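Here's the structure, in structure tokens; my notes come after.
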Amino acid sequence: MEIKKEDFIERDIISVDSLSVDEVKSVLDLAKDIEMNSDVFSNVLNGKMMAPLFFENSTRTSSSFQAAMLQLGGKVLDFDADRSSLKKGETLRDTLKTIQGYRPDVVVIRHNKDGSAKFAADVLKPCVINAGDGQNQHPTQTLLDLYTIKEIRKEIDGVKIILAGDLKYGRTVHSLALALAKYPDCHLYLVSPESLKMPQVFLNLLSKAGCSFSEHDLEEFENIISEADILYMTRVQRERFPEGLEGEQAYGDVTKKYCLKLDMLKKAKPELKIMHPLPKVNEIQDEIDDTEFAYYFKQAENGLYIRKALLVLLIGGRKNE
Ligand code: NCD
């Protein structure tokens, strides 16, 4: 099925569930076109403005959205949550309504509350892209993850993928698991410490979608690594642990046991690739960066192409003929 750009115009991108497999394919195809032919797209967002509202820290998502907008000929509003009047107690709603008055074409929002992107989309007229809402979802990361999986193995169907680490608080794995559930013959190995297992609500959605998955302790890692095409590592989300001594201790307990070392990959397929949304902290031994397994820096680069594709689809512009 061919997707027309009009199908995307002024849509909000809040969760991966709202995108069909065909729609995902259009984003991925356009992203590949942009990766190969960046010059052709250099002016397509002339006169358009993006408001990046990042209320949580970000390196890759915020920089790649900004680079994408600038390289497409658009402009970026300079908004810094730390210097904003939120620090004086202004509400998110008032902040959003104020920014809307300055006429952005698209608002990209990251916030520590689950549901905040949906809230913003309900308040705002311009289209809203969820750049991560609390521990809920991170749909644009998922699009770049799918793009990367396709780049690695030519297709997404049938991928055997280990999702490892913080499956409780990690929004990237929540979105990615739901997205993969729509592709046939995949298997998800969910590997985590007992305290950081994938929440039941997401497991129910996977079951409902007929997705094949299995849950494993960290200790079982070496038994399943030989079956995987992709190992998707995640960071333990320290900022989402309860505050205080109890949280500190729980964080210390899990991170002690969770670190990927080269010798743990002895039984891996030679073509295995390791992905990670980044930032990585201590969960991957440094020497793995220099092996053929490591794919996370190319994965991060792919964020640029995916975010360009999304911006082009959502806020228009035609290829320079
Ligand atoms: C992730 C996030 O913010 O959820 N980072 C990212 O966007 N690449 C993962 C993380 O912070 O661990």
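The numbering of the sequence shown is this note's numbering, which starts it at 4 and goes up by one. Ideal Cβ positions, reconstructed from N, Cα and C, are used throughout, including at glycine. Keep in mind that this is a model prediction, so the values were computed, not measured.
{"Check": "Identity of the residue in LYS100, TYR150 and GLU197 nearest VAL239 by Cα", "Outcome": "GLU197"}
{"Check": "Closer than 7 Å: THR294 CB and nearest the ligand NCD heavy atom", "Outcome": "no"}
{"Check": "Where GLY320 falls: helix, strand or coil (DSSP)", "Outcome": "Any reading at GLY320 is ruled out, since the residue's pLDDT is 48, under 50, leaving its predicted position unreliable."}
{"Check": "Three-state class that DSSP yields for GLU218 in the structure shown", "Outcome": "strand"}
{"Check": "Exposed unless 16 or more other CB atoms sit within 10 angstroms - verdict on VAL315", "Outcome": "buried"}
{"Check": "Nearest neighbour of LEU99, chosen from VAL110, GLY92, LYS91 and LYS90 [CA to CA]", "Outcome": "VAL110"}
{"Check": "ILE12 to CYS262 span [Cα, whole Å]", "Outcome": "43 Å"}
{"Check": "Distance between ASN49 and LEU199 (C-alpha atoms, nearest Å)", "Outcome": "45 Å"}
{"Check": "Segments assigned alpha helix (DSSP H), at least 4 residues, entirely inside the segment 131-212", "Outcome": "142-156, 174-183 and 203-211"}
{"Check": "Bounding residues of the beta strand (DSSP E) (the contiguous stretch that carries PHE106)", "Outcome": "According to the sequence shown, residue 106 is Arg rather than Phe. Run containing ARG106: none; DSSP gives neither H nor E here."}
{"Check": "Bridge partners - ALA297, DSSP secondary structure assignment", "Outcome": "ILE277"}
{"Check": "Cβ neighbours of SER215 in the same chain (closer than 6 Å, five flanking residues each side left out)", "Outcome": "HIS190"}
{"Check": "Three-state secondary structure assigned by DSSP to TYR254", "Outcome": "helix"}
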